[in-house]
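A.B. asks: Here it is: the structure, laid out below.
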Amino acid sequence: MMPSLPHRRLFVGLTPVAAALLMALTGCQPKSAAPETTSPAEPTVAANEATVTSDPAAIWPKLQIPRQGNAEEEAKIAKLLAAMTLEQKIAQMIQPEIRDITVADMRKYGFGSYLNGGGSFPAGNKHATPADWIKLAEDMYQASIDASQDGSTIPTMWGTDAVHGHNNVIGATLFPHNIGLGAANNPDLIEQIAKATAREVMVTGIDWVFAPTVAVVRDDRWGRTYEGYSEDPTIVRNYAAAIVKGLQGAPDADFLGDERVISTVKHFLGDGGTEGGIDQGDNISTEQQLFDIHAQGYVGGLQAGAQTVMASFNSWHGEKIHGNKYLLTDVLKTRMGFDGLVVGDWNGHGQIKGCSNDNCAAAANAGLDVYMVPTPAWKPLYENLIAQVKSGDIAQSRIDDAVTRILRVKVRAGLFEKPSPAKRPLSGKTEIIGSAEHRTVAAAAVQQSLVLLKNQQSLLPLKPTQKILVTGQGADNIGMQSGGWTITWQGTGNNNADFPGGSSIYAGIKTQVETAGGQVQLSNDGSYQQKPDVAIVVFGEQPYAEGNGDIDNVEYQRGNKTDLTLLKKLQADGIKVVSLFISGRPLWVNAELNASDAFVAVWLPGSEGHAIAPVLFSDKDGKVQQDFRGKLSFSWPNGPDQTKVNKADTDYQPLFAYGYGLTYADTPEQAASLFSAPLPETSSTSNTLSALPLFDRDIKAPWQFVLQSAEQSAAVSSNQQTLGAVKLQSFDRNVQEDARLISFDGSAKASVALRSNFPRDLRAFGGKEAVLSLMLKVDAAVTAPVDLSMHCNEQCSASFDISPQLQQLKAGVWTELQVDVSCFTGKGVDLAQIAVPLALSSSAKLQLSFAELKLLPQGTADAVKLQCPQS
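In this text, residue positions in the sequence shown follow this note's numbering: the first is 35, and each later residue adds one.
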């Protein structure tokens with residue numbers, strides 16, 4: 035989301051002997067194994083067989099969910115429901131965002147809930163104080179129980195993305211992201227983290243947390259990989275139970291008490307298994323795989339008492355989950371027995387075929403209970419839902435079921451009895467936010483998550499009495515080490531001053547070294563005044579969130595090896611190099627490993643960067659302070675295109691196997707076994723680049739057509755759509771509706787573009803022969819400019835007038851046109867971040883038809899070539 039057992043017969047895990055044999059056969063046996071887990075065997079059923087079983091009971095278990103069947107609670111809910119009007123019920127199902135509603139709106143409509151997305155703050159102020167958060171919570175609460183306009187006194191509830199601590203609030207404790215926590219493999223620690231997060235959230239008067247994310251990641255190209263704990267469903271299942279318990283309290287003890295928040299298990303279902311690792315893409319797992327791999331977090335989380343589930347953006351075999359009645363209602367609610375509420379993701383309902391952000395009966399009919407509608411579209415959506423119930427498009431019984439579930443969560447959370455947000459026990463106790471107690475828990479999580487991948491000649495632990503150089507972009511950069519979902523949605527735009535109480539990795543090293551009498555110098559570029567004994571280089575991925583982090587292979591710094599250059603420079607100077615690699619996923623870093631004497635995966639450690647130093651350094655007497663404890667919960671790739679490598683694969687050949695992680699107890703011979711010779715720095719796997727269809731009969735995911743006319747824009751949701759001066763309609767060229775006609779009426783500048791919700795990595799088509807190809811037909815003579823453009827963001831685009839070439843085409847004849855991709859990159863387009871691969875625009879009256887739009891690794895001889903026309 036912007037700004038996510040008793041039934042074990044299906045889990046046929048490897049025995050320790052079989053696991054050892056598998057490791058031996060692959061040649062990737064870890065020197066220290068992770069705590070043993072049981073992982074489901076990969077099903078052998080073909081992925082394209084029928085997706086829905088005739089007997090869901092054969093796959094989906096009836097879960098033992100606590101806190102159900104309380105007659106007193108159910109009677110109270112029924113009484114509340116009976117007194118509500120249709121308008122009040124629909125308002126309970128609407129969840130707007132704080133940027134798009136006012137306190138007056140809350141008083142008038144009585145929304146059941148509201149949210150702040152990533153990078154959204156009270157009054158839009160990034161540096162809003164806890165008092166500002168509390169005031170907004172109190173004002174919204176009081177407006178919701180004010181019956182003067184809407185006649186309702188049902189309290190609202192505020193939901194927030196607190197995914198690694200209360201990460202939207204300045205000064206909060208930021209814990210390692212989930213990928214690091216998975217390497218720790220410590221459910222008790224996870225429960226402590228969740229409990230600390232709940233307390234910091236409660237200080238600001240917020241009721242509801244959109245966590246945990248329980249995605250089981252299958253393809254590390256996915257931009258949300260770091261939000262997954264592991265490729266192993268068992269760790270995910272166990273962690274889901276632990277974090278739900280930490281956030282909500284034990285079902286038989288302090289359940290949803292004064293220091294607890296409502297949790298959300300997300301995203302249901304299959305978000306970690308999309309084809310190509312594309313965020314919001316299509317999961318084509320069989321139904322058995324869907325349960326075995328992707329549903330285990332729900333088995334753990336729901337049995338721990340999670341009260342809400344968030345629907346996922348992704349599709350399952352082409353059907354958007356937000357509109358999938360079988361999964362949301364038949365499986366989750368009926369078969370598995372979940373009786374809480376299902377909330378949508380950020381306008382996810384608008385992605386259902388035939389729906390828009392402001393009009394979607396299909397989501398309610400599928401089983402969505404709360405529409406997350408974080409734009410001004412909330413008002414027409416509210417009005418349309420009312421009309422659709424009155425017309426019979428949505429049954430009254432479905433609305434009553436949804437509102438019953440919403441009220442059930444509120445009753446169980448005690449919202450009808452608890453004081454208002456400003457008067458709750460923890461409210462305003464700002465000393466809790468970023469407290470020493472919570473930072474101690476975070477520091478322990480950092481230390482337990484570190485994975486030592488290489489330690490030649492036992493270089494680590496370092497003696498702190500040496501001369502130490504600390505360098506690299508991440509050395510003194512709390513924002514970079516914290517990653518996405520950190521104050522801002524993408525985690526960008528932050529500096530160290532935005533993290534009061536936090537510490538950088540360099541700060542911890544400086545303290546360790548200077549306390550022991552050594553010398554430390556910080557350098558961004560690796561330069562130094564006095565030659566050091568050892569250089570610690572902190573480098574890695576820049577922050578990103580959701581689809582902005584999608585990549586098309588797992589090579590680190592492809593085409594821009596600045597960090598490798600730094601490592602090699604230091605080694606050439608005769609300096610020992612310790613690499614601390616910040617990343618949200620395993621990446622192919624063979625060259626960087628070769629250029630390092632020691633290499634540590636530090637993941638995204640959060641605000642407590644100082645905690646790394648005691649693991650890297652001995653004390654001044656040479657004794658180990660903290661040993662490495664982290665083990666890979668994600669297999670490490672053996673090549674740039676080995677993007678799917680998971681422990682149960684039949685052809686399992688990672689560089690570092692699942693569970694790998696060195697310790698100081700390993701002998702130098704053990705630690706050196708993988709590095710007796712340099713690792714290959716070119717891929718040994720075959721990855722022949724082929725065409726990438728963007729439009730072939732229909733638009734290809736993740737792209738969508740968008741119309742722009744003057745200052746208006748709209749995504750295309752039908753086969754014929756008009757916006758101002760432009761119209762797009764489908765027609766038959768070879769088969770049904772396989773082409774599109776663009777009509778410009780000349781009344782304003784307008785365009786048709788292919789756009790993705792998130793920028794896409796198209797660097798694979800950066801070769802000098804790569805072309806953008808489209809089949810085009812002009813219906814009449816072209817007499818005015820026609821712009822062809824590509825965009826990587828608002829400040830990054832290239833546009834060309836192609837009207838001279840179009841004037842040479844014969845009207846009514848289909849022609850394949852190709853333009854070199856280098857025409858765009860030569861004008862500054864960054865292929866790593868393509869939001870719009872093609873747009874056609876004009877201010878004149880014009881008709882064009884097109885089909886078969888694609889990227890090709892090289893041009894074809896029979897196409898008409900557009901030779902980098904001048905802008």
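Where is the CB? At the ideal position from N, CA and C, for every residue including glycine.
Output the distance between the C-alpha atoms of residue 433 and residue 896, rounded to the nearest integer angstrom.
C.D. replies: Against the sequence shown, residue 433 aligns to sequence position 399. Against the sequence shown, residue 896 aligns to sequence position 862. Using only the alpha carbons, I get a separation of about 58 angstroms.
A.B. asks: How do the stretch 805 to 824 and the stretch 751 to 765 stand: do at least 3 beta-carbon pairs fall below 8 angstroms, yes or no?
C.D. replies: With a cut-off of 8 angstroms, the stretch 751 to 765 and the stretch 805 to 824 do not count as touching, because too few Cβ pairs lie within range.
A.B. asks: Would you grab the beta carbon distance between residue 543 and residue 647 for me? Rounded to a whole angstrom, and I think it's under 8 angstroms.
C.D. replies: As a position in the sequence shown, residue 543 is number 509, starting the count at 1. As a position in the sequence shown, residue 647 is number 613, starting the count at 1. Confirmed, about 5 angstroms.
A.B. asks: Where does residue 644 land, buried or exposed, given buried means 16+ other C-beta within 10 angstroms?
C.D. replies: Translated into the one-based positions of the sequence shown, residue 644 becomes position 610. Per the 10 Å Cβ criterion, buried.
A.B. asks: If you draw a straight line from the C-alpha of residue 893 to the C-alpha of residue 729, how long is it?
C.D. replies: Your numbering for residue 893 matches position 859 in the sequence shown. Your numbering for residue 729 matches position 695 in the sequence shown. Between residue 893 and residue 729, the C-alpha separation is close to 18 angstroms.
A.B. asks: Is the stretch 142 to 149 touching the stretch 97 to 115, taking contact as three or more C-beta pairs under 8 angstroms?
C.D. replies: No, they do not touch.
A.B. asks: What is the DSSP secondary structure of residue 535, reduced to helix, strand or coil?
C.D. replies: For the purposes of this step, residue 535 is identified with residue 501 of the sequence shown, where counting begins at 1. The answer is coil: DSSP assigns residue 535 none of H, G, I, E or B.
A.B. asks: If you follow the alpha helix (DSSP H) that residue 167 is in, where does it begin and where does it stop?
C.D. replies: Counting from 1 along the sequence shown, the entry for residue 167 is found at position 133. Counting along the chain, the alpha helix (DSSP H) containing residue 167 begins and ends at 164 to 178.
A.B. asks: Can you tell which of 350, 408, 412, 409 has its C-alpha closest to the C-alpha of residue 386?
C.D. replies: As a position in the sequence shown, residue 386 is number 352, starting the count at 1. Taking only the C-alpha atoms, the option nearest residue 386 is 350.
A.B. asks: Starting from residue 489, follow the alpha helix (DSSP H) in both directions and report where the run begins and ends.
C.D. replies: Taking the first residue of the sequence shown as 1, we reach residue 489 at position 455. No alpha helix (DSSP H) holds residue 489; the beta strand (DSSP E) holding it covers 485 to 489.
A.B. asks: If we ignore side chains and look at the alpha-carbon of each, how far apart do residue 289 and residue 498 end up?
C.D. replies: As a position in the sequence shown, residue 289 is number 255, starting the count at 1. As a position in the sequence shown, residue 498 is number 464, starting the count at 1. Rounded to the nearest angstrom, the two C-alpha atoms are 47 angstroms apart.
A.B. asks: Might you give, ordered along the chain, the residues of its own chain that have their beta carbon closer than 8 angstroms to the beta carbon of residue 736, omitting 5 neighbours on each side?
C.D. replies: In the sequence shown, counting from the first residue as 1, residue 736 sits at position 702. Same-chain partners within the cutoff: 312, 313, 314, 315, 581, 790, 791, 792, 794.
A.B. asks: Exposed or buried, what is residue 723 when buried is set at 16 or more other beta-carbons lying within 10 Å of its beta-carbon?
C.D. replies: Walking along the sequence shown from the start, residue 723 turns up at place 689. Residue 723 is exposed by the Cβ-count criterion.
A.B. asks: Going by CA-CA distance only, name the one from 880, 878, 870 that's closest to residue 888.
C.D. replies: Numbered from 1 along the sequence shown, position 854 holds the residue referred to as residue 888. When each option's Cα is compared against that of residue 888, the closest is 870.
A.B. asks: In chain order, what residues of the same chain have a beta carbon less than 7 angstroms from the beta carbon of residue 602, not counting five sequence neighbours either side?
C.D. replies: Indexing the sequence shown from 1 puts residue 602 at position 568. Same-chain partners within the cutoff: 629.
A.B. asks: On the CB-based measure, 16 or more other CB atoms within 10 Å of its CB, does residue 161 come out buried or exposed?
C.D. replies: Locating residue 161 in the sequence shown gives position 127, counting from the first residue. Under this definition residue 161 is an exposed residue.
A.B. asks: On the premise that residue 610 lies in contact with residue 568, defined as a C-beta separation below 8 angstroms, what is that separation, rounded to the nearest angstrom?
C.D. replies: The residue labelled residue 568 in the question sits at position 534 within the sequence shown. The residue labelled residue 610 in the question sits at position 576 within the sequence shown. Yes, they are in contact, since the Cβ atoms of residue 568 and residue 610 sit about 5 angstroms apart, within 8 angstroms.
A.B. asks: Assign residue 672 to buried or exposed, taking buried as 16 or more other Cβ atoms, counted over all protein chains shown, within 10 Å of its Cβ.
C.D. replies: Numbered from its first residue, the sequence shown carries residue 672 at position 638. Classification for residue 672: buried.
A.B. asks: Check the DSSP bridge columns for residue 848 and list the partner residues they point to.
C.D. replies: Stepping through the sequence shown from its first residue, residue 848 is reached at position 814. Its beta-bridge partners do not exist; DSSP assigns none.
A.B. asks: Residues in its own chain within less than 6 angstroms of residue 902 by CB, not counting five upstream and five downstream?
C.D. replies: Locating residue 902 in the sequence shown gives position 868, counting from the first residue. Taken in chain order, the residues that qualify are 857.
A.B. asks: Hey, residue 281 and residue 295: beta-carbon distance below 8 angstroms or not?
C.D. replies: Taking the first residue of the sequence shown as 1, we reach residue 281 at position 247. Taking the first residue of the sequence shown as 1, we reach residue 295 at position 261. Yes, the pair counts as a contact, with Cβ atoms nearer than the cut-off.
A.B. asks: If distances are taken between C-alpha atoms only, which option among 391, 376, 302 comes closest to residue 347?
C.D. replies: Translated into the one-based positions of the sequence shown, residue 347 becomes position 313. Per the Cα distances, 302.
A.B. asks: Taking residue 206 as the reference, give the member of 234, 588, 185, 220 with the closest Cα.
C.D. replies: Start at 1 with the first residue of the sequence shown, and residue 206 comes out as number 172. Ranking the options by Cα distance to residue 206, first place goes to 234.
A.B. asks: Evaluate contact between the stretch 186 to 200 and the stretch 239 to 259, counting only Cβ atoms and requiring at least three cross-stretch pairs below 8 angstroms.
C.D. replies: A contact exists between the stretch 186 to 200 and the stretch 239 to 259.
A.B. asks: Where does residue 192 fall in DSSP's three states?
C.D. replies: For the purposes of this step, residue 192 is identified with residue 158 of the sequence shown, where counting begins at 1. Residue 192 falls in the strand class under three-state DSSP.
A.B. asks: Between the Cα of residue 399 and those of 366, 411, 877, 362, spot the shortest distance and give me the residue it belongs to.
C.D. replies: Taking the sequence shown and counting its residues from 1, one reaches residue 399 at position 365. Comparing Cα positions, the closest option is 362.
A.B. asks: What are the boundary residues of the alpha helix (DSSP H) that residue 856 is part of?
C.D. replies: Within the sequence shown, the letter at position 822 stands for residue 856. That run of the alpha helix (DSSP H) goes 856 to 859.
A.B. asks: If you draw a straight line from the alpha carbon of residue 579 to that of residue 637, how long is it in whole angstroms?
C.D. replies: If you number the sequence shown from 1, residue 579 lands on position 545. If you number the sequence shown from 1, residue 637 lands on position 603. When rounded, the distance between both Cα atoms is 15 angstroms.
A.B. asks: Let me know the secondary structure DSSP gives residue 784 once reduced to three states.
C.D. replies: Residue mapping note: residue 784 aligns to position 750 of the sequence shown, counting from 1. The answer is strand: DSSP assigns residue 784 an E or B state.
A.B. asks: Please list, in chain order, all residues of the same chain as residue 195 whose beta carbon is under 6 angstroms from its beta carbon, the five residues on each side excluded.
C.D. replies: Position 161 of the sequence shown, counted from the start, is the residue given in the question as residue 195. Closer than 6 angstroms at Cβ, skipping near neighbours: 152, 244.
A.B. asks: Which residue wins for smallest C-alpha separation from residue 328, given the options 341, 318, 306?
C.D. replies: If you number the sequence shown from 1, residue 328 lands on position 294. Cα-wise, what sits closest to residue 328 is 306.
A.B. asks: Can you give the beta carbon distance from residue 141 to residue 177, rounded, assuming they're within the 8 angstroms contact cut?
C.D. replies: The residue given as residue 141 occupies position 107 in the sequence shown. The residue given as residue 177 occupies position 143 in the sequence shown. Indeed they touch by this definition, with Cβ atoms about 4 angstroms apart.
A.B. asks: Based on Cα-Cα distance, which residue from 452, 174, 214 lies nearest to residue 129?
C.D. replies: The residue you call residue 129 lines up with position 95 of the sequence shown. For the residues 452, 174, 214, the minimum Cα distance to residue 129 belongs to 174.
A.B. asks: Got a sec? Which residues, its chain only, sit under 8 angstroms from residue 215 by beta carbon, not counting five neighbours each side?
C.D. replies: Counted from its first residue, the sequence shown places residue 215 at position 181. These residues qualify, in order along the chain: 209, 223, 224, 227, 263, 273, 479, 483.
A.B. asks: Tell me which residues share the same chain as residue 744 and place their Cβ nearer than 8 angstroms to its Cβ, disregarding the 5 neighbours each side in the sequence.
C.D. replies: Numbered from 1 along the sequence shown, position 710 holds the residue referred to as residue 744. Only 758, 759, 782, 783, 784 meet the Cβ criterion.
A.B. asks: With DSSP run on the structure shown, which of helix, strand or coil describes residue 9?
C.D. replies: The question about residue 9 has no answer here: the residues shown for the chain are numbered 35 through 905.
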